[in-house]
Amino acid sequence: MPQFSSESGSSINDIPLDILADELAERLRQESIRMQTTPLLELEATLLGAVADIRSALNYLRPTINSVPVEILHDIFYHVPSRKPVLSESSPRCTIWDAEALHEPDCVRLMAVCRRCWPFETSSLVELNYCRSGGRLQKAHMTAISRTRELYWEEFGDFPSKFLESPAPHLHTLMLRADHLWQRQTLRSLVLFGGETPALRRLSLHSVRFLPSNNFTDLRTILLYYCKEVQPAQVLAWLAASPQIEDLVLDADQFSAWDGVYPKSEPLGHLQRLTIQSIQEKDITWLLAFPALTGATSVQLNNVTLIPEHSGSSVPTYEVALSATRLLTQGSCVMATGPSSGFLHISMPPPDLSQLERRIPLAQITEYWCDGRLADERDLFKALTSLETLVINHRDLPRAATAMLLDLEPSDNPTVNCPHLTTLRVVMPPENIRDYRISLFLDYRVRCGHPISRLIVDVSPSHLPAPEHLPDELDGCPIEWRIHTRPPNPPSMEVPDAYKSAARPFWPAWPTWES
């Protein structure tokens, strides 16, 4: 392939387009002759026609192209799209691109791919980095790292130590996975890229035994999955040196002893999501109690064993829960949210009331979404002293009404929990509006002196009768009819918008539930 000059002042007129087109045609012709397959011959004919069209278009636009700097044209002409990973030698391979990767280091050097780093996906390297023994490709790796912006190293193949020791000034995203002991030993003895990664923003380490000793700074996302001997002091140092960090995920990690000293750090006001999975709460208190954490950070605990009530260990304070005013319980999930962030706990069995009270100030909850049965429901309603709005499925309403009663024995003047409850929102088919259980609930509230002043009924649009057939009130309580956003049959609970926090582009979304 012809080489472009990077000298300033060069013009596209110095690069004949006919040479580019002829080189492409010749390479396709050689490839089709070697493979001797009909699809390649057809592809050659198609591409040759496209080359002719491109040549005509470029000639037509030559005056405009003349004004484009040669450096930009260099990147354009050498851009190669990303492909699926090559997982074995027997897999189909693009031999044209293989040849380019092996014989044209400049082409490899300019490779930059935009990919997503999923924790459990088979994250692959682009062709310039897939692990295959061979001197020429290893040499291409060495040439490429100085310009590589995203590197995904899967578990197969050897770690090229010299490659990982070379400076990577443009590296933006790094994913390393080490499933074998010898790979972990290689990483343990290295300072990745000589410690020269000024542009690194996304770091993902899988199955490493010891974290690299780099002093990473200005990171935006950190994912540690199934890592062993993680030193809390090192993680805290990375956080303290990265005040703009947005996402932190710790999944199935094991931690070494912590010295109890927190580094100086600015408040991590940009940290939007802290996700902890398959780790015991007592093993992560050093992070949850980090003074730099703020109430703007949403916290997700997935399969996290909470500290027992009588264990003698102190429960960490979740800053995000201190401002929570909305609560949702469903099955194994408990979620509390404030104006802009939330606290989510997913486990089986779900936490009991005492565990909730030690982490969420229930007395300040004003809105409760209840879907399904909670073990300590009566005590929960007793703790929700500021509750103003209850959202519930109609099938669960009788049980909730009973749980709200302070006196189980019938009396002329019953007392109830949640004295400030004034709004009831029920998800139900419209034909059930005359259900005696709703009337019974409304009657309970009137008899105890705390009536419901607003009744909202969510219905499916497919079951909504004509407006003239919809009652305006029920037992003296005005009814507000709403179209359910998702029309199941019968309607079921849907997580409110406040709980649907926007997921980061490379992290899983917050869960949403349906009955």
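Residue numbers (our numbering): 77 to 591. C-beta: ideal position from N, C-alpha, C; glycine also.
Check	Outcome
Neighbourhood of Arg513 by C-beta distance below 7 Å, restricted to the same chain and skipping five residues each side	Leu473 and Pro474
Cβ contact check for the region 351-366 and the region 302-318: 3 or more pairs under 8 Å	yes
Secondary structure of Arg250, DSSP reduced to three states	Per the sequence presented here, residue 250 reads as Leu, with Arg not at that position. Strand, per DSSP.
Of the residues Pro426, Ile441, Phe292 and Pro274, the one placed nearest Pro245, counting alpha carbons only	Pro274
Range covered by the beta strand (DSSP E) that runs through Arg402	Arg402 to Gln406
Bridge-paired residues (DSSP) for Ser280	Met251 and Leu299
Residues near Leu350 by beta carbon distance below 6 Å, same chain, minus five either side	Leu324, Thr373 and Val375
Reference Tyr302, options Ala328, Phe286 and Ala317, closest by Cα	Ala328
From Ser390, Thr370, Gly125 and Leu124, residue whose alpha carbon lies closest to that of Ile357	What sits at residue 357 in the sequence shown is Glu, not Ile. If we check each option's Cα against that of Glu357, Ser390 comes out closest.
Presumed contact (8 Å Cβ cut-off) between Leu460 and Leu438, rounded CB distance	6 Å
Neighbourhood of Lys458 by C-beta distance below 7 Å, restricted to the same chain and skipping five residues each side	Asn493
Burial state of Arg138, where buried means 16 or more other Cβ atoms lie within 10 Å	exposed
Buried or exposed by the 16-neighbour rule on C-beta atoms within 10 Å, applied to Ala128	exposed
C-beta atoms of Arg530 and Pro554 nearer than 8 Å	yes
Burial state of Tyr136 (16 or more Cβ within 10 Å)	exposed
Cβ contact (3+ pairs, closer than 8 Å) linking the region 375-388 and the region 329-341	no
C-beta contact flag for Thr498 and Ile441 at 8 Å	no
Span of the alpha helix (DSSP H) around Ile514	Tyr512 to Arg523
Status (buried if at least 16 other CB within 10 Å, exposed otherwise) for Thr413	buried
Gly418, buried or exposed, once every other Cβ within 10 Å from all chains shown has been counted against 16	buried
Pro392 versus Pro243, Trp445, Ile360 and Ile468, residue with shortest Cα-Cα distance	Ile360
Segment limits, beta strand (DSSP E) that includes Gln320	Counting along the chain, Gln320 falls outside any beta strand (DSSP E), and DSSP gives it neither H nor E.
Close-in-space but distant-in-sequence residues of the same chain around Pro527 (CB under 7 Å, 5 per side omitted)	Arg521
Local conformation of Arg558 per DSSP, three classes	strand
Beta-bridge pairing of Arg530 - partner residues as DSSP gives them	Thr499
Those residues which DSSP pairs with Asp447 across a bridge	Gln406
Runs of alpha helix (DSSP H) lying entirely within the region 352-410, each at least 4 residues, in chain order	361-364
Arg277 and Arg296 closer than 8 Å at C-beta	yes
Residue nearest to Leu398 in terms of C-alpha spacing, selected from Val410, Pro425, Thr370 and Gly407	Thr370
Cα-Cα separation, Asp428 to Val503	26 Å
Gln330 versus Pro384 - alpha carbon distance	20 Å
Residue closest to Thr249, alpha-carbon to alpha-carbon, out of Leu266, Cys524 and Arg223	Arg223
Counterpart residues of Trp229 in DSSP-defined beta bridges	Leu252
Backbone secondary structure at Arg285 - three-state DSSP	coil
Opening and closing residue of the beta strand (DSSP E) in which Phe419 lies	Gly418 to Ile422
N- and C-terminal bounds of the beta strand (DSSP E) containing Leu466	Thr465 to Asn469
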